[in-house]
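Heads up: the structure comes next, in structure tokens.
Numbering (full-length UniProt numbering), first residue to last: 1 to 288.
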């Protein structure tokens with residue numbers, strides 16, 4: 001009996017010694033890595049008119065670029081700042097534009113088309129070139145409150161006549177616009193890339209005789225009616241507003257040859273220093 005007990009104890013001890021270890025505690029799988037910024041499409045938004053619009057602009061999980069009117073930059077950027085603070089995603093940058101409201105609308109559309117095919121930092125790099133290619137005009141009944149461009153003293157005097165019309169170009173000149181005149185105030189159309197004329201503020205504006213003269217004067221390939229909110233960017237509410245924008249951005253993209261730089265912070269390729277997307281210090285990319 002004693003021998004059997006010792007054998008049983010030995011067998012039990014041997015079984016305990018060779019028993020499999022208890023299973024290790026299970027750990028949750030690691031979270032999926034966040035997508036690279038280069039894989040996130042840049043969302044483009046225009047100037048917000050309210051906090052609700054600003055909140056919609058920054059909603060989402062990708063980088064956001066808000067284009068604001070530089071004349072209203074303080075108020076519009078404050079709305080963006082409040083919306084950014086209330087958002088769970090804060091990758092928001094702002095571009096100040098000197099264009100008219102209709103011109104900013106064209107700039108937003110052009111930037112969105114680029115965002116579909118280019119990295120976010122590249123879109124930032126090209127914005128100044130796109131903006132420089134857009135021309136803004138307005139037909140006005142008075143230039144007394146016009147800030148850009150500066151009218152002459154004679155044009156101020158002519159503003160007192162209710163039938164007088166002016167054609168003003170932002171950053172350009174003011175022309176007297178005579179509806180019945182056969183002389184085009186803009187002169188012969190310049191040789192340029194194909195462009196479209198956006199028209200706002202007139203009934204059947206694309207078919208309007210005045211629009212036809214401006215289309216010919218600017219050499220636009222076509223005209224397109226659109227709408228913008230009522231504003232006084234030109235000093236007074238314009239009778240009609242026009243915007244000449246390039247139809248094809250390929251020339252701007254290929255013509256913008258600048259030294260390529262790498263941003264170690266957002267891993268984007270850019271020509272700016274510092275990076276326009278995140279503000280990081282960029283480094284010159286090695287040439288192969």
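We put the CB at the ideal spot given by N, CA and C, even for glycine.
Computed from a predicted model, the values in this text were never measured in an experiment.
Residue i versus residue j: straight-line alpha-carbon distance, rounded
i	j	result
residue 132	residue 150	20 Å
residue 254	residue 193	14 Å
residue 43	residue 162	45 Å
residue 124	residue 65	8 Å
residue 244	residue 197	5 Å
residue 119	residue 249	15 Å
residue 60	residue 89	7 Å
residue 246	residue 147	26 Å
residue 47	residue 224	22 Å
residue 115	residue 52	24 Å
residue 139	residue 218	15 Å
residue 195	residue 111	16 Å
residue 177	residue 158	12 Å
residue 126	residue 160	43 Å
residue 239	residue 134	20 Å
residue 62	residue 91	7 Å
residue 87	residue 121	22 Å
residue 214	residue 168	12 Å
Terminal residues of the alpha helix (DSSP H) in which residue i lies
i	result
residue 248	Looking at the DSSP string, residue 248 is not in any alpha helix (DSSP H), and its letter there is neither H nor E.
residue 75	73–86
residue 54	51–58
residue 209	209–218
residue 158	153–158
Buried or exposed by the 16-neighbour rule on C-beta atoms within 10 Å, applied to residue i
i	result
residue 74	exposed
residue 229	exposed
residue 232	exposed
residue 152	exposed
Residue i (DSSP reduced to helix, strand or coil)
i	result
residue 135	strand
residue 147	coil
residue 99	coil
residue 196	strand
residue 93	strand
residue 230	coil
Own chain residues within Cβ distance below 8 Å of residue i, not counting five before or after
i	result
residue 227	200
residue 105	46, 198, 226, 228 and 243
residue 97	67, 68, 69, 70, 103, 104, 107 and 131
residue 165	139, 140, 141, 176, 177, 178, 179 and 239
residue 156	143 and 144
Same chain, Cβ closer than 6 Å to residue i, neighbours up to 5 away in sequence not counted
i	result
residue 34	The predicted position of residue 34 is uncertain, since its pLDDT is 44 and thus under 50; a value taken from the coordinates is nonetheless stated next. So the list is empty, once near-sequence residues are dropped.
residue 136	99, 100, 103, 170 and 243
residue 236	142 and 145
Residue i - containing beta strand (DSSP E), residue span
i	result
residue 222	222–225
residue 69	64–69
residue 166	166–169
Neighbourhood of residue i by C-beta, 7 Å cutoff - its chain only, sequence neighbours within 5 removed
i	result
residue 94	66, 68, 77 and 80
residue 289	In the structure as shown, the chain begins at 1 and stops at 288. Residue 289 is therefore absent and cannot be evaluated.
residue 220	195, 196, 197 and 244
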